[in-house]
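Visitor: Numbering (the numbering used here), first residue to last: 655 to 1166. First the structure, then my questions, so here it is.
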Amino acid sequence: MCRWQLSFALVIALPGGALAQDTLVIPGRPPVLATLTLAEALAEARANSPGYRQVLNDASPASWAVRNAWGSFLPSASVSSGIGYTGTGSSRFGGNLTNATPSILSSSYSVGLQWQLDGRVISGPGLQKANQRAVEEDINNAGVMLENDITDQYLAALQAAAQVEVARQQVARNRVFLELAQARLAVGQATLLDVRQAEVTQGQSEVALLDNIQSENAAKIELFRRMGVTPPVPVDQIGLTDPFPVVPPEYQLDELLEIAGEQNPALRALEARERAAAWSVRSAKSAFLPSLFAQAGWSGFSQELTDRNALIQSTLLGAQGAAADCRYQNDILTRLTSPHPAGTVPDCNVASGLNASGTALDPALEQQIVDANDVFPFDFTAQPFQASISISLPIFTGFGRSLQLSQAKAAQQDADESLRAGALQVRAQVNTRFLALNTAYRAIAVQEKSRVAAREQLRLAQDRYRLGSGTSLELSDAQTAVQRAEGDYVNAVYAYHRALAALEAAVGRPLR
């Protein structure tokens, strides 16, 4: 069955009501309430893109790692303090002898300095600087990838918008086609089949326009998602304003390869990782060197009995025992030296800290004991200062150091191979994208010729149809060919722009 017969069968198979329906109401172009340039999109993406910000978060730890490496040359200091409580109880001293103890409050403090110097400390700043440089290159690479991603999606949105304009032009052409078919039917130069064919073509173009509008809106929504923000207004009211002129690519492949070898961010990141791996090998080798360790410390404590009466009573018992010993010795002295000179026999109560009657402590001594006990929590008794210095050289560690050195060397060799593979990949990308750019540029010229030919074909078909020598199917085919040629031309133009953006990402810098 030929195309004309197929269209006729489709028309007569439709219900009568369907033929009487009006064409779809196509929305007009909404007013533009906000515009977005590529530079604005890139600025918003650098400030808000979640993936890019995650990479940026690595900068602060890398910077602090460098500070920490330099700080390892300084001694570390520690301060500690604590309080304690011991309840009342009794202590057994062998057999059935026990001694009751009152509750005690205690406190203490200590201040310590430690300093260590070894090979890892010495190589630490160089290693952490290399790691920091690698993180910086990773951030640069992420920035270039983000720029390429946003630019590509911006171009995709512009391409979708251009396809909407192509679809609108097709709707307008099909509307003229329908009006022409209706006019010819009115004067008897066409059949109802021509009108129905024009109506079907008109409806198809309107549906295609709706699909293209949806694709444009979806592309803009995706652009804002990649930027990390929400659209300020409905996306159909946001206009993308950057022009992208097509210029002949006059780049030299050798120059592009040289620039990529120096500036490609992914390659520079691999170079930084390779340098960091080399520093890791140096750090592992330094484990075979001796290490120096020094420390110093100050400390103190306080201890206070909570029951002052028990403390006084215990002191009183001790003083009374001392006074009794004193009187016993006085008795022996009296017997041996009687009569003895006046004043040579001491007053045992006074000498032992008791009052004259010997029933209580001297008030001054009792107050002194109370004051001496009142030390919790900050009246510390300082302990002697302590300091030491030592040098150590591990002789055998179960091959642990050799294992770490071997692992570091293997990691460095892996980094070397990754760098070599990255260099090969960059060269391949530049070559491929350079060829793709030139191909895309030549494709534009081909599509331009096809578009001009399709437009001429449509003009001839329209003239033939007006004069009655052409058919509606001939005109419909010509309009379809124009729409396809216009769409292919738009795709070719934006394929060129996206190929150029991909080449810029491979080289590592803008080329426009």
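Every residue, glycine too, gets a C-beta built ideally from N, C-alpha and C.
1) So for residue 1053, helix, strand or coil by DSSP?
2) Is it buried or exposed, residue 1059, if we count other Cβ atoms within 10 angstroms and call 16 or more buried?
3) Can you say whether residue 812 is buried or exposed, counting buried as having 16 or more other CB atoms within 10 angstroms of its CB?
4) Please report the residue range of the beta strand (DSSP E) in which residue 958 lies.
5) Looking at the unbroken beta strand (DSSP E) that takes in residue 906, where does it start and where does it end?
6) Tell me which residues share the same chain as residue 827 and place their Cβ nearer than 6 Å to its Cβ, disregarding the 5 neighbours each side in the sequence.
7) Would you kindly check if the distance between the Cβ of residue 1042 and the Cβ of residue 946 is under 9 Å?
8) Determine the DSSP secondary structure at residue 997, reduced to helix, strand or coil.
9) For the 8 Å Cβ check, are there 3 or more pairs between the segment 933-946 and the segment 793-813?
10) Residue range of the alpha helix (DSSP H) that residue 873 falls in?
11) From which residue to which residue does the beta strand (DSSP E) around residue 817 run?
12) Quick one: Cα of residue 1167 to Cα of residue 1123, how far?
13) With a threshold of 6 Å on Cβ separation, who are the neighbours of residue 1156 within its own chain once the five nearest residues in sequence on each side are excluded?
14) Can you tell me the Cβ-Cβ gap for residue 1149 and residue 1094, rounded? I've got them flagged as a contact below 8 Å.
15) Whole angstroms are fine: how far does the CA of residue 771 sit from the CA of residue 970?
16) Suppose you measure from the CA of residue 1181 to the CA of residue 1062; what does that come to, to the nearest Å?
17) For residue 628, report the span of its alpha helix (DSSP H) as first-last.
18) Could you give the DSSP three-state label for residue 765: helix, strand or coil?
19) Within the continuous beta strand (DSSP E) that includes residue 893, where are the two ends?
20) Alpha carbon to alpha carbon, how far is residue 867 from residue 1130? Give it in angstroms, no decimals.
21) Determine whether the beta carbon atoms of residue 739 and residue 882 lie at a separation below 9 Å.
22) Suppose contacts are defined by Cβ-Cβ distances below 9 Å. Is residue 878 in contact with residue 888 by that definition?
23) Excluding the 5 residues flanking residue 684 on each side, which residues of the same chain have their C-beta closer than 6 Å to its C-beta?
24) Just to confirm, is the Cβ distance from residue 645 to residue 766 under 9 Å?
25) Taking only three categories from DSSP, how would you classify residue 843?
26) Quick one: is residue 803 buried, meaning 16 or more other Cβ sit within 10 Å of its Cβ, or exposed?
27) Between 1032, 895, 955 and 1048, which lies nearest to residue 686 when the distance is taken from Cα to Cα?
28) Just checking my contact of residue 1101 with residue 1142 at CB under 8 Å: how many whole Å lie between their CB atoms?
29) Below 8 Å CB to CB, which residues in the same chain sit around residue 1114 once its five sequence neighbours on both sides are set aside?
30) Along the chain, where does the alpha helix (DSSP H) containing residue 725 start, and where does it finish?
31) By alpha-carbon positions, which one of 957, 1110 and 939 ends up nearest to residue 1055?
32) Expressed to the nearest angstrom, what Euclidean distance is found between the alpha-carbon atoms of residue 1144 and residue 817?
33) Taking just the CA atoms, how far does residue 851 sit from residue 1152?
34) Mark residue 1154 as exposed unless 16 or more other C-beta atoms lie within 10 angstroms of its C-beta, in which case mark it buried.
35) What residue from 1098, 1107, 1138 and 1077 has the CA that sits closest to residue 1160's CA?
36) From the DSSP secondary-structure annotation, give me the bridge partner or partners of residue 738.
Guide: Straight from the coordinates:
1) coil
2) buried
3) buried
4) 945-959
5) Run containing residue 906: none; DSSP gives neither H nor E here.
6) 1133
7) no
8) Interpretation of residue 997 is limited by its pLDDT of 49, a score under 50 that renders its predicted location unreliable; no figure is taken from the coordinates.
9) no
10) 846-881
11) First-last for residue 817: 773-840, but that is the alpha helix (DSSP H), not the beta strand (DSSP E).
12) Residue 1167 is absent from the structure shown; the chain starts at 655 and stops at 1166.
13) 1087
14) 5 Å
15) 57 Å
16) For the chain, the structure presents residues 655 to 1166; residue 1181 sits outside this window and is missing.
17) Past the edges of the chain, shown from 655 to 1166, lies residue 628, and the structure says nothing about it.
18) strand
19) 892-894
20) 23 Å
21) no
22) no
23) 890 and 891
24) The question about residue 645 has no answer here: the residues shown for the chain are numbered 655 through 1166.
25) coil
26) buried
27) 895
28) 5 Å
29) 1132
30) 713-725
31) 939
32) 7 Å
33) 39 Å
34) buried
35) 1077
36) 760
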